[in-house]
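Note sheet for the following structure.
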Amino acid sequence: MALKDIRLDMVDSFWLTKFPSMERADLVALRKAMDGGFREFSRSYGDAIEGFFDPLLYFLVWFEKLLLNAPWIVVLAVLVGLTYAASRSWKLSGLVLGSFLLIGYFGMWADTMRTLGIITVATFLSLGVGIPVGITMARSDRVQSTVTPVLDIMQTMPAFVYLIPVVMLLGIGKVPGIIAVVIYAIPPVIRLTNLGIRMVDREVLEAATAFGANKAQRLWNVQLPLAMPNIMAGINQTIMMALAMVVIASMIGVKGLGQPVLKSITNQYFTLGLLNGLAIVAIAIMFDRVSQAYAKRSQKYLGGMHGD
Amino acid sequence: MKRLISAAVLFAGLVTAGESQAACGKVSISDMNWASATLMANVDAFILKNGYGCETEIVPGDTMPTGTSMVEKGEPDIAPEFWINNFKEALAKGIAEKRLNILGDALSDGGEEGFWVPDYLVAKDPSMATIEGVIKNAKLFKHPEDPEKSAFMTCPAGWGCQVTNGHLYKALNLEAAGFDLVDAGSGAALAGTIAKAYERKQPWFGYYWAPTAVLGKYKMVKVDFGVTDKEHFDKCLTKEICENPKPSMYPPSPVKTLVVQSFVDREPDGAAYLAKRSYSNALMNGQLAWVEDNQADGETAAVHFLNTHPEIWKAWVPADIAVKITESLTKM
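Residue numbers (the working numbering), protein chains in the order written: chain X, 105 to 412; chain H, 1413 to 1744.
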């Protein structure tokens, strides 16, 4: 009996069977020190960082109020008009008109406008930051090798891990919401801009150089137009991922279609959840089709620069 | 010889009978995603496993999904801390259909809900402990998006208390005072707003509940409305439609130990333990403060509780079971 006990004890503390992990007390001390450091940071710099984002907040609030207070006919006319201007397709414009009429009829107009507002701003912010980063990445291997792992983290880190620290830093609402959306949605446009530019034929670039094109001319007139199909695919993915984040963002108080989705699921109103989910899908399809149609038209206009 | 054999047979029969009674099968326990429920789930798991020989499994959960699954699927077996007001109708149905069973009070004092402000505000201006004082100082509570409004932080969408807070918002004329109902979106974000305000000593006014790790760590004062009208609260304020809401503070909320009926039929001994098992709010707050200070996980917290308060849990189990549990604790 005593012998058995001793042997069991040995097995229990043998380093091969039990992973030699950090002492619990040390681990707790480390976690507490890091949490304390973050609290200290948020206490001393939180207000300043909040102030930095104030202009963005004012713009978002202004844009949302504009969409909400404008007569619905005007908003609808602008949406359908933009769709037609971008796609020159009556069929697509009719589809947008129909789906927004249905959204209004099912009582989701206000929430849809809120989501539309935040997604539009998030998309433009993602493109405004993402495309230049993608271009820089394409021009330097060193930048590429540092940015790629960051993008991997942004895409895989569970959103809640950074959502609540952001709440402690910036509070709840639109600004932290849009930061979360941009973090999640920006990687595709960066990756595909980088890829598209890198895939441009060396020989085409050499020819451009031979004709006396400088660096900027090569970028604007050769690389970007040739990379356009890839960049457009990236923009499309970015829009889709931004819309997928709507529900997550509503968990830190972003108003819009995400909130009724959360509410209906906790209350088990499945139809209400489905209706709001479908409204998100309608917005996504509209953004996607319009941007794709626009890209196709603008590439046709560029003519025979690439084979097809 | 014959007698010896029959005695042996009889003895063997007794032993197996005794064993089959004592043997306990698989028991699943829901670990709700807040600190006190996690502690309770781990204490129950430790006692059922080491005291009653059950094969315990802890599964993650939350009020709505766990409650629904218990009614519809009979799984998990035990929800150690269940705030039944948040699940009223489905619960009544589950009990009427003999699928669910309420065994006893998880929190003997009941849960404490209400509108709270941080204690540093009250220290500066004692009138802040009353709703009149909060309304008079409405301008202090800055809205996160609209500079012209004040913020009242309400429950996330879909929680039962969101309905009640909406009625109280009307009854207390908070809208006229400039307050807007702000939905933080999730329990974690609501706690985040408290933490943010507290770290920077900013004003905060909203709904929260105790015992929680948040209120254990950040000292808050419950705002006094002057009246508690339990009847009106139950009949009107908690209902989706309440024509004439009148002010009333939250009465203590019943917090129960909920089990599926099949668990009671299968494991009467375990059920008898759960029926006795109950924590006072003072005890729970102390435990949660320790958990928060040590960032302890559920199991560590449970062992800490069992080691430091044997006088409490020994009253929940028969003496022979208590001996087994003590033995397991000394082996830890």
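Just so it is clear, CB atoms sit at the ideal spot from N, CA and C, and this is done for glycine as well.
Indicate whether H/A1607 and X/M272 have their beta-carbon atoms separated by less than 8 Å. In this structure, H/A1607 sits near X/M272, with a CB-CB distance shorter than 8 Å.
What would DSSP say about H/D1636, mapped onto helix, strand or coil? strand
So does the region 363–378 of chain X actually touch the region 283–298 of chain X, counting three or more Cβ pairs closer than 8 Å? no
Run through chain H and tell me which residues come within less than 8 Å of X/G275, C-beta to C-beta. P1556, T1605 and K1608
Distance between H/E1611 and X/R143 (C-alpha atoms, nearest Å): 7 Å
Which residues in the same chain have their Cβ closer than 7 Å to the Cβ of H/Q1433, if we skip the five residues on either side of it in sequence? Caution is warranted here: a pLDDT of 45 is assigned to H/Q1433, below 50, making its placement in the model unreliable, and the coordinate value is therefore given only provisionally. Cβ within range, chain order: n/a, list empty.
Using 10 angstroms around the beta-carbon of H/L1512, count the other beta-carbons present and answer buried if the total reaches 16, otherwise exposed. Looking at its Cβ environment, which holds 16 or more other Cβ atoms inside 10 Å, H/L1512 is buried.
Quick one: Cα of X/L180 to Cα of X/E168, how far? Distance from the CA of X/L180 to the CA of X/E168, rounded to the nearest whole angstrom, comes to 15 Å.
Using a C-beta cutoff of 8 Å, does H/Q1707 count as contacting chain X? So yes, H/Q1707 belongs to the interface.
Taking CB distances under 8 Å as the criterion, tell me whether X/L366 reaches chain H. yes
Quick one: Cα of X/T187 to Cα of X/I389, how far? 12 Å
Let me see if you follow: with CB-CB separation under 8 Å, is X/R322 close to chain H or not? no
On the three-state DSSP scale, how would you describe X/P124? coil
Which chain X residues are close to H/V1594, counting only those with a beta carbon under 9 Å from its beta carbon? Within chain X, I276, G277 and G357 have C-beta atoms less than 9 Å from the C-beta of H/V1594, given in sequence order.
Ordered along the chain, which non-local residues of its own chain (more than five positions away) have a Cβ less than 8 Å from that of H/I1543? F1527, L1584, V1635, D1636, F1637, G1638 and P1659
When DSSP labels each residue in this structure, what does H/T1738 get in the three-state scheme? helix
Nearest to H/V1471 by alpha carbon, out of H/K1554, H/N1454, H/K1461 and H/N1462? The residue from H/K1554, H/N1454, H/K1461 and H/N1462 with its alpha-carbon nearest to that of H/V1471 is H/N1454.
Reducing DSSP to helix, strand and coil, say where H/E1587 ends up. Looking at H/E1587 - three-state DSSP - the assignment turns out to be coil, as it is neither helix nor strand.
Using a Cβ-Cβ distance cut-off of 8 Å, determine whether X/D412 contacts chain H. Legend: pLDDT at X/D412 = 41, less than 50; position of this residue unreliable, value from coordinates given subsequently. No, no contact with chain H.
Can you tell me whether X/M212 is buried or exposed, with buried defined as 16 or more other CB within 10 angstroms of its CB? buried
Using beta carbons (cut-off 8 Å, strictly below), is X/G150 in contact with chain H? Residue-level contact by beta carbon holds for X/G150 and chain H, with a gap shorter than 8 Å.
How do the region 1689–1706 of chain H and the region 1547–1567 of chain H stand: do at least 3 beta-carbon pairs fall below 8 Å, yes or no? Inter-segment contact for the region 1689–1706 of chain H and the region 1547–1567 of chain H is absent: fewer than three beta-carbon pairs are separated by less than 8 Å.
Once DSSP output is grouped into helix, strand and coil, what is the label at X/V358? coil
Continuous beta strand (DSSP E) stretch holding H/L1670: start and end: V1667 to V1672
Identify the contact partners of H/A1601 in chain X, using a Cβ-Cβ distance below 8 Å as the criterion. L267, I268, V271, I276, M355, I356 and G357
Does the distance from the C-beta atom of X/A289 to that of X/A226 stay below 8 Å? Yes.
Could you have a look at H/I1653 and say whether DSSP puts it in helix, strand or coil? coil
Given that a residue counts as buried once 16 or more other Cβ atoms are within 10 Å of its Cβ, and exposed if not, what is X/M105? Below a pLDDT of 50, predicted positions are generally treated as unreliable, and X/M105, at 44, falls in that range; the measurement from the model is reported next regardless. X/M105 should be labelled exposed.
Let's test the definition: count the other Cβ atoms within 10 Å of the Cβ of H/D1456 and tell me whether it reaches 16, buried, or not, exposed. By the 16-neighbour rule on beta-carbons within 10 angstroms, H/D1456 is buried.
Closest Cβ-Cβ distance between H/M1476 and chain X: below 8 Å? yes
Using a Cβ distance threshold of 8 Å, determine whether the region 1677–1689 of chain H contacts the region 1495–1504 of chain H, with at least three qualifying pairs required. no
9 Å Cβ cut-off: residues of chain H touching X/Q372: M1476, T1480 and A1502
Can you tell me whether DSSP reads H/E1467 as helix, strand or coil? strand
Rounded to whole angstroms, what's the CA-CA distance from H/F1458 to X/T250? Just pull it up for me. 48 Å
Take every Cβ of the region 375–392 of chain X, pair it with every Cβ of the region 206–220 of chain X, and state whether three or more of those distances are shorter than 8 Å. yes
Take H/G1590 and list the residues in its own chain whose beta-carbon comes closer than 7 Å to its own, dropping the five residues that flank it on each side. A1550, K1561 and S1562
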